[in-house]
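Let me begin by presenting the structure, written as structure tokens, before commenting on it.
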Amino acid sequence: MKNLLEAKNLRKYFPIERGFWRKTKAMLKAVDGVSFSIGFKEALGLVGESGCGKTTIGRLILKLLEPTSGAVFLENEDIFKKTTNLNLAEEIQIIFQDPFSSLNPRLTIEEIVGESLIFHKRVRTRQEKRKAVGELLQKVGLNSSFIGRYPHQFSGGERQRIGIARALALRPRLIIADEPVSSLDVSIQAQIFNLMKDLQEEYNLAFLFIAHNLEIVRLFCKRVAVMYLGKIVEIASSDSLFQEPLHPYTQALISATPVADPTVKKKRIVLKGEVSHSIESFSGCPFHPRCFKAIPLCSKVIPSFEEKRDGHWVSCHLVNGK
Ligand SMILES: Nc1ncnc2c1ncn2[C@@H]1O[C@H](COP(=O)(O)OP(=O)(O)OP(=O)(O)O)[C@@H](O)[C@H]1O
Ligand SMILES: [Mg+2]
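In our numbering, the protein residues as written are 243 to 564.
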């Protein structure tokens, strides 16, 4: 098996009540039949508009949510099977978007970072814990003497470093980074980005890197998956995706990304309409109501997800095959 993680036809539907008397029951299809893989030490990017289901995928992989259907394999083990011996926290950890709400304000840094070391019996004595936490703080660029401080005594960037130290404590193989830099100042973003890159090398980490900022994803990830309304509509190597985006939605996303070079002229594709809700059931391609290239077929038949170039998968009727 060459992949660390494989998600197969993963679905998560949330029941919601609608109407004045809240009598109408409907299903919000937050994740709707998603399959992807993450190789050992590979960083896979996950992009798409707000509400398309990125965080829900992360929470499913962490088993914080039960899937409606589908499976997630970590190497050969289905993480949702009761019989598995996997201790997921030792394999997969998360770095949250908001470094302010993700750290318990009542705990010291020693407790926050060292909690899992005690729980998983990686250290036995208080002294061992202090030593391990001090080393972790140094790894993420913080002074080990900060160990007794509380989260409010740190800046946003420093708190994110603490969040990273906590995620690293058990030496996981996969880190889910859910918008890890988007709430930080631009200058701090670069520092945290570089720290994660260095740690990825040093600890051979695989990442599921969720972000809105396509440029950051491009720099961090070898492969990128693009989501729209609970589905992955395109997946490819970063080079292939950014040089030749095949799905009209990806083309629109990339056209909206500012480029640093003033000599490069880009025509921005403005999508019509709003993101529809994944409660509504469509016939055809879920993107067709907003698609600037749609043909009559698009409103009738759901396009299949196919490999149209080497390693470049897309679901769109308008893209010719290999
Ligand atoms: N516990 C829940 N109950 C009901 N609906 C939910 C729940 N969690 C998420 N959703 C809905 O599922 C959809 C996907 O949410 P999700 O948080 O995964 O999106 P996202 O892509 O991470 O968005 P953002 O970029 O804003 O973080 C949204 O419509 C959201 O309202
Ligand atoms: Mg999210």
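From the three backbone atoms N, C-alpha and C, an ideal C-beta is built for every residue, glycine too. Remember, it's a predicted structure, so these values are computed and weren't measured experimentally.
**Prompt:** How big is the Cα-Cα spacing for ARG391 and VAL273?
**Reply:** 39 Å
**Request:** With a 10 Å radius around its C-beta and 16 neighbouring C-beta atoms as the bar for buried, classify GLY563 as buried or exposed.
**Result:** exposed
**Request:** Helix, strand or coil for ARG551, going by three-state DSSP, please let me know.
**Result:** strand
**Item:** Buried versus exposed, by CB contacts within 10 Å (16 or more), PHE338
**Value:** buried
**Message:** Taking 7 Å as the cut-off, is the C-beta of CYS294 nearer than that to any heavy atom in ligand 1?
**Reply:** yes
**Prompt:** Alpha carbon to alpha carbon, what distance is there between THR492 and ALA478?
**Reply:** Their Cα atoms are separated by approximately 11 Å.
**Prompt:** Fully enclosed by the region 365-442, which beta strand (DSSP E) runs are 3 residues long or longer?
**Reply:** Listed in chain order, they are 416-420.
**Exposed unless 16 or more other CB atoms sit within 10 angstroms - verdict on LEU539** = Exposed, since its Cβ has fewer than 16 Cβ neighbours within 10 Å.
**Message:** Between the alpha carbons of VAL314 and SER358, how many angstroms are there, rounded?
**Reply:** 24 Å
**Request:** Within 10 angstroms of the Cβ of GLU308, are there 16 or more other Cβ atoms? Answer buried if so, exposed if not.
**Result:** exposed
**Prompt:** Within the chosen definition, does the region 347-363 reach the region 434-452 through at least 3 CB pairs nearer than 8 Å?
**Reply:** Short answer: they don't touch.
**Bridge partner(s) assigned by DSSP for ASN245** = GLY281
**Message:** Taking 6 Å as the limit between beta carbons, can you name the residues of its chain near GLU352, skipping five residues before and five after?
**Reply:** VAL375, ILE389
**Request:** Please state whether DSSP places GLY312 in a helix, a strand or coil.
**Result:** GLY312 falls in the strand class under three-state DSSP.
**Prompt:** With burial defined as no fewer than 16 other Cβ atoms inside 10 Å of the residue's Cβ, what is the status of THR367: buried or exposed?
**Reply:** exposed
**Request:** Give the straight-line distance between the Cα atoms of SER541 and LEU288, rounded to the nearest whole angstrom.
**Result:** 26 Å
**Message:** Following a CB-centred definition, is ASP420 positioned closer than 7 Å to any heavy atom of ligand 2?
**Reply:** yes
**Item:** Spatially closest choice to MET469 from HIS454, ASN327, ARG460, ILE458, by CA coordinates
**Value:** HIS454
**Prompt:** According to the Cβ coordinates, are ILE458 and PHE484 closer than 8 Å?
**Reply:** no
**Stretch pair the region 486-500 + the region 276-288: three plus CB contacts closer than 8 Å** = no
**Prompt:** With distances taken from CA atoms, which of ASP552, VAL556, ASN245 is nearest VAL475?
**Reply:** Comparing Cα-Cα distances from VAL475 to each of ASP552, VAL556, ASN245, the minimum goes to VAL556.
**Request:** Return the chain-ordered list of same chain residues with a C-beta closer than 8 Å to the C-beta of LYS250, the five sequence neighbours on each side being excluded.
**Result:** SER277, GLY312, ALA313, VAL314, PHE315
**Request:** With hydrogens ignored, establish whether the beta-carbon of THR310 is closer than 7 Å to any heavy atom of ligand 2.
**Result:** no
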